[in-house]
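> Take 383 as the starting number for the sequence shown in the working numbering and just add one per residue. We put the beta carbon where it would ideally sit given N, CA and C, even for glycine.
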Amino acid sequence: MDSSSPVTLEKIISLCKRKGFVYQSADIYGGLNGIYDFGHLGTLLKNNIRKTWLESIYTANDNIFLFEGSLLGPEPVWKASGHLDSFHDPMVDCMNCKHRYRADEIDLEKACAHCGKKQWTDIKNFNMMFKTQVGASQENAAVGYLRPETAQAIFINFKNVISTNRVKMPFGIAQIGKAFRNEINPKQFLFRMREFEQMELEWFCKQEEAEHFFEFWCQKRLAYHASIGIDPAKLRLRFYEKSELAHYSQATSDIEYHFPFGWKELEGIAHRGNFDLSQHTKHSGKDLSVYDEETKESSIPTVVESSVGVDRLFLTLLFDAYEEQVVEGEEERIVLHFAPNIAPIKAAFFPLSKKLNEPMLKIFHAIQKKGYSVQFDDAGSIGKRYRRQDEIGTPLCFTYDFDSETDHKVTVRDRDTMKQERIAIDHIESYLKNHLTKKE
Ligand code: GAP
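#1: For a test of your reading of the model: does the CB of D693 fall under 6 Å from any non-hydrogen atom of the ligand GAP? Yes or no.
#2: Name the residue from Q570, F596, F780 and S463 whose alpha carbon lies nearest to the alpha carbon of K801.
#3: Extract the residue ranges of the beta strand (DSSP E) inside the stretch 739-769, only unbroken runs of 3 or more that lie entirely within it.
#4: What's the C-alpha gap between L436 and H790?
#5: So P472 is in the beta strand (DSSP E); what residue range does that whole segment cover?
#6: Using a beta-carbon distance below 7 Å, is Q757 in contact with chain C?
#7: Inspect the beta-carbon positions of E582 and R574 and report whether they are closer than 7 Å.
#8: Taking DSSP as the reference, what is the three-state secondary structure of L718?
#9: I'd like the span of the beta strand (DSSP E) that includes D613, first residue to last.
#10: Using a threshold of 7 Å, state whether the C-beta atoms of I348 and L604 are closer than that.
#11: Pop quiz: R529 and F562 are said to be a contact at Cβ under 8 Å. What is the actual Cβ separation, rounded to whole angstroms?
#12: Is the beta carbon of P722 sitting closer than 7 Å to the one on L814?
#13: Residue range of the beta strand (DSSP E) that R804 falls in?
#14: Classify T546: buried if its beta carbon has 16 or more other beta carbons within 10 angstroms, exposed otherwise.
#15: Taking Cβ positions, are F508 and L670 nearer each other than 7 Å?
#16: Contact between the stretch 694-703 and the stretch 750-761 is defined here as three or more beta-carbon pairs at a separation below 8 Å; is this criterion met?
#17: Quick check: the Cα distance between T532 and S396, rounded to an integer number of angstroms?
#18: Give me the DSSP bridge partner(s) of I440.
#19: Beta carbon of G650: closer than 6 Å to some heavy atom of the ligand MN?
#20: Mapping the DSSP letters down to three states, classify V459 as helix, strand or coil.
#21: The alpha helix (DSSP H) spanning A535 covers which residue range?
#22: Using a threshold of 6 Å, is the CB atom of V459 nearer than that to any non-hydrogen atom of the ligand GAP?
#23: Using the Cα positions of G711 and P642, report the straight-line distance between them to the nearest angstrom.
#24: Going by the beta-carbon positions, is the gap between G611 and I724 smaller than 7 Å?
#25: So which of M477, F596, H629 and K736 has the shortest CA-CA distance to H470?
The structure is reproduced here in structure tokens:
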């Protein structure tokens, strides 16, 4: 078995379309740049990403509370958080062809890549939040913004969370939800989108503990990515220079992945100090401090945040799992080596002939009832069916043949090794369970 050409963004986009992982949103109307929909397999994969993230947060610490905030927030929230004044990218237009660029991503000494002319406008700051009006009448409508990060919803409802949950520091509030950024240049498919999903943990602790927890969460988050099968050799932690820090951050480390287009941020871990809670205290006039029973004093907690995009992680998993293999004496196969906890479909069930559909459907339904995400396929040769499952990363395929009628066994085939063995029908569930939970 030989591995052939390297994975590219084009190959991943093509696979996503072909197999129905991801669709261009509003495709029949020409689409919207940087906005995508997810099909059956994409939705299953996203669910697995969310599930494993939550499990990893819960197992790292018991003191975690869940939260689901609203997507729209009134203007004062974004004034206080600093997003209204500081959440912008530098933008420049070509005066000749009107093409728009992020000024920090091109060389302004060179000509426009679109039209070949060198006629740049001045650099302007472009705020990336989506602004809208809330309320029916134009005159009385309040200005609202779609949230550019999920975190602020946690900070502005912090008082309610602590008063309803018997909270003791240190503790965390975890949230999964959509965020919106009017990126000047959405690009690289799911890497930089205008509507995307974040998984954020805001960890509240005492100021003097923050450095320890910053390191703690960096290590935990790095371990998470390895636990969902990402090659550790393609992951690294990068500590930010002072000049790179966001307006709210005292220290930041990125978990970077080695994409085909270079080392790029996959997740950010930030020491936010008490910037957000202090700002919201100041702007709302509400006290957001926490009373400490031990010291008998109130103080505003310090926050360590971890933040990762579901969609960016989705893309990372695809890049990491993708392989084109040349198999001796056979056609090249495309295989996704998804870890079992991430694979959208856990097993596929094939009757060798349509005449055997009934007994195989019975087995398939019994496994499905146990809560496994499985597929039944009776179309084409067994070889073709294997290839279809390899391409979507299904770890195991079970085949029911004419011997199964008498020996009460099926053939099970492993996606990665392509090895086959005969196992008793009664053992299918335990075999599947063992395979899905086994540690490499
Ligand atoms: N609350 C902190 C925060 O939002 P960020 O570094 O701007 O920090 C965190 O975003 C994560 O969200 C990134 O590491 C990335 O995984 C994801 N993300 C950010 N912008 C994105 C975009 N335009 N498209 C897809 N994912 C994005």
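Let me spell this out:
#1: Residue numbering aside, residue 693 sits at position 311 when the sequence shown is read from its first letter. For the ligand GAP, a non-hydrogen atom lies closer than 6 Å to the CB of D693.
#2: Position 419 of the sequence shown, counting from 1, holds the residue named residue 801. Cα-wise, what sits closest to K801 is F780.
#3: With a minimum length of 3 residues, the continuous beta strand (DSSP E) runs that stay inside the stretch 739-769 are 756-758.
#4: Within the sequence shown, residue 436 is the residue found at index 54, counting from 1. Within the sequence shown, residue 790 is the residue found at index 408, counting from 1. Whole-angstrom Cα-Cα distance: 40 Å.
#5: Within the sequence shown, the letter at position 90 stands for residue 472. Counting along the chain, the beta strand (DSSP E) containing P472 begins and ends at H470 to D475.
#6: Looking for chain C here will not work: only one protein chain is present.
#7: As a working note, residue 582 is residue 200 in the sequence shown. As a working note, residue 574 is residue 192 in the sequence shown. Contact flag unset, no.
#8: Translated into the one-based positions of the sequence shown, residue 718 becomes position 336. DSSP places L718 in the strand class (E or B) of the three-state scheme.
#9: Numbered from its first residue, the sequence shown carries residue 613 at position 231. No residue range can be given for D613, since it is assigned to no beta strand (DSSP E) and is classified by DSSP as neither H nor E.
#10: The structure shown does not extend to residue 348, since the chain is modelled only from 383 through 822, so no value can be given for it.
#11: Within the sequence shown, the letter at position 147 stands for residue 529. Within the sequence shown, the letter at position 180 stands for residue 562. Confirmed, Cβ separation roughly 7 Å.
#12: Working through the sequence shown from its first residue, we reach residue 722 at position 340. Working through the sequence shown from its first residue, we reach residue 814 at position 432. The answer is no: Cβ separation not under 7 Å.
#13: The residue given as residue 804 occupies position 422 in the sequence shown. Annotation: the continuous beta strand (DSSP E) that includes R804 extends over Q802 to A806.
#14: Against the sequence shown, residue 546 aligns to sequence position 164. Exposed, because fewer than 16 other Cβ atoms sit within 10 Å of the Cβ of T546.
#15: Position 126 of the sequence shown, counted from the first residue, corresponds to residue 508. Position 288 of the sequence shown, counted from the first residue, corresponds to residue 670. Not in contact: F508 and L670 (Cβ atoms no closer than 7 Å).
#16: As far as the Cβ criterion goes, the stretch 694-703 does not touch the stretch 750-761, which means the pair count is below three.
#17: One-based indexing of the sequence shown puts residue 532 at position 150. One-based indexing of the sequence shown puts residue 396 at position 14. Approximately 30 Å, taken between the alpha carbons.
#18: Against the sequence shown, residue 440 aligns to sequence position 58. According to the sequence as given, residue 440 is Tyr; it is not Ile. In the DSSP output, where bridge partners are listed per residue, Y440 has none listed.
#19: This structure does not include the ligand MN; its bound ligands are the ligand GAP.
#20: Along the sequence shown, read from residue 1 onward, the residue named residue 459 stands at position 77. Three-state DSSP puts V459 in a helix.
#21: To locate residue 535, count along the sequence shown from 1; it is residue 153. For A535, the uninterrupted alpha helix (DSSP H) run begins and ends at A533 to I538, by DSSP.
#22: Position 77 of the sequence shown, counted from the first residue, corresponds to residue 459. Relative to the non-hydrogen atoms of the ligand GAP, the Cβ of V459 never comes closer than 6 Å to any of them.
#23: Here residue 711 refers to the residue found at position 329 of the sequence shown. Here residue 642 refers to the residue found at position 260 of the sequence shown. Looking at the two C-alpha atoms, the distance is approximately 30 Å.
#24: Locating residue 611 in the sequence shown gives position 229, counting from the first residue. Locating residue 724 in the sequence shown gives position 342, counting from the first residue. Their beta carbons are under 7 Å apart, which means G611 touches I724 by this criterion.
#25: Translated into the one-based positions of the sequence shown, residue 470 becomes position 88. Comparing C-alpha distances from H470 to each of M477, F596, H629 and K736 shows the shortest one belongs to H629.
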